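Encoded as structure tokens, the structure appears first; notes follow it.
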Amino acid sequence: MKAAIVTIGDEILIGQIVDTNSAFIAKSLDRIGVEIHEMISINDNKQHILNTFLEFQNKVDLVVITGGLGPTKDDITKKTFCDYFDDELVINEEVLRNVTQIIEGFYKRKITQINKDQALVPSKCTVLHNKVGTAPGMWMKKENTVFVSLPGVPFEMKYLVENEIIPKIVIEYKRPY
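In the working numbering, the protein residues as written are 26 to 202.
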């Protein structure tokens with residue numbers, strides 16, 4: 026199994042933050058026998074993201090993407106997923122319950138529409154439930170390539186890699202070890 030890792034975010038490209046997500050994902054995948062074919066960082070540009078998806082389509086078995094799932098205007102990964110997979114965003118009720126519990130229960134704030142929008146996911150995706158944050162992961166397949174989108178927040182990404190991605194790969198895919 027070959028994989029590519031894509032980090033999305035202008036803040037990475039301008040050196041505002043250091044990308045630690047790629048290293049964590051690469052180590053985690055390597056540990057279960059997934060060959061890392063390529064790692065790249067790209068900007069928050071819809072066409073650039075789409076071109077990157079097309080570049081890796083059928084070139085690798087797995088594309089792991091981090092970033093762009095938050096509630097701000099530059100977080101366009103979910104909408105870009107919908108364009109790429111010819112899909113639409115829908116509210117996932119389980120994700121909405123999780124977001125509500127975190128915002129109202131942990132932060133003791135009233136939930137806003139921006140918070141509720143975190144529960145929007147492509148209708149055809151397998152939702153990767155994030156128990157430690159508000160941005161769910163997404164798992165979608167096109168032809169021979171699985172695309173997995175994870176939040177850019179490191180502790181949320183780590184949770185999803187360890188508790189959703191790695192177990193799913195181990196169960197569903199052949200690897201050398």
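Virtual Cβ for every residue (Gly too), placed ideally from N, Cα, C.
Keep in mind that this is a model prediction, so the values were computed, not measured.
Annotation for F106: the continuous alpha helix (DSSP H) segment containing it runs T102 to F110.
In the three-state scheme derived from DSSP, where H, G and I count as helix and E and B as strand, E118 is classed as helix. Distance from the CA of N76 to the CA of Y109, rounded to the nearest whole angstrom, comes to 10 Å. For G158, the secondary structure class from DSSP, reduced to helix, strand or coil, is coil. Judged by beta-carbon spacing, A48 lies beyond the 8 Å limit of L87, meaning their Cβ atoms are not closer than that value.
DSSP places E63 within a strand segment (E or B) once states are collapsed to three. Beta-bridge partners of T151 (DSSP): W164. With fewer than three CB-CB distances shorter than 8 Å, the region 130-137 does not count as touching the region 170-177. When E181, A160 and K149 are compared, the shortest CA-CA separation from K166 is found for K149. Here the C-alpha atom of E187 lies approximately 26 Å from the C-alpha atom of T97.
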